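S.K.: Can you read through this structure? Questions will come right after.
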Amino acid sequence: MGWLAGWVRDLVVVVFFVSAAYMLLPENRLRDYVRFMAGLVVIGALLAPALQLLRWDPGDADWFGGFPQGAENVAAEGELLARRALERVAEEGRRRAYEHVAGVVELALGAA
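Counting from 1 along the sequence shown, just add 1 to a position and that's the residue number in my numbering.
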């Protein structure tokens with residue numbers, strides 16, 4: 002429940018500062034833009050817990066009991082696949098660079 006109290010506290014602080022900034026502005030078109038931006042800031046403060054959940058690592062939670070048996074194998078396979086994908090990307094980059102240089106040389110020799 003500590004996160005809820007922190008979230009409410011942060012929301013109150015954001016709304017307070019947004020209201021203070023809004024009251025300090027003169028009555029003109031700038032006030033409309035500031036109100037729009039302030040609304041976005043308040044929406045961001047409201048969505049902050051959801052954004053924290055997206056960055057949440059389930060392995061850190063004790064109530065999940067950690068990862069199931071064999072998770073190390075899955076992680077190792079994932080690392081192997083990532084390494085292979087990186088090698089393929091590097092090889093494709095080398096191939097394209099070679100083709101590009103060959104094309105430039107061909108153009109240069111053909112134009113000479």
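Beta carbons are placed, not taken as given, at the ideal position from N, Cα and C, and that holds for glycine.
Keep in mind that this is a model prediction, so the values were computed, not measured.
Please confirm if the segment 43-56 is in contact with the segment 77-90, defined as three or more CB-CB distances below 8 Å between the two stretches.
M.R.: Touching, no.
S.K.: By the DSSP assignment, the alpha helix (DSSP H) with Arg32 in it spans what residues?
M.R.: Unbroken alpha helix (DSSP H) run through Arg32: 30-55.
S.K.: So Leu26 packs on Val35, CB below 8 Å; how close in whole Å?
M.R.: About 6 Å separates the two Cβ atoms, so the contact holds.
S.K.: Skipping 5 residues on each side, what residues in its chain have a beta carbon closer than 8 Å to that of Asp11?
M.R.: Counting only Cβ-Cβ distances below 8 Å, and skipping sequence neighbours, we find Ala46, Ala49.
S.K.: Just the C-alpha distance for Leu82 and Glu88, rounded to the nearest angstrom, thanks.
M.R.: C-alpha separation (whole angstroms): 10 Å.
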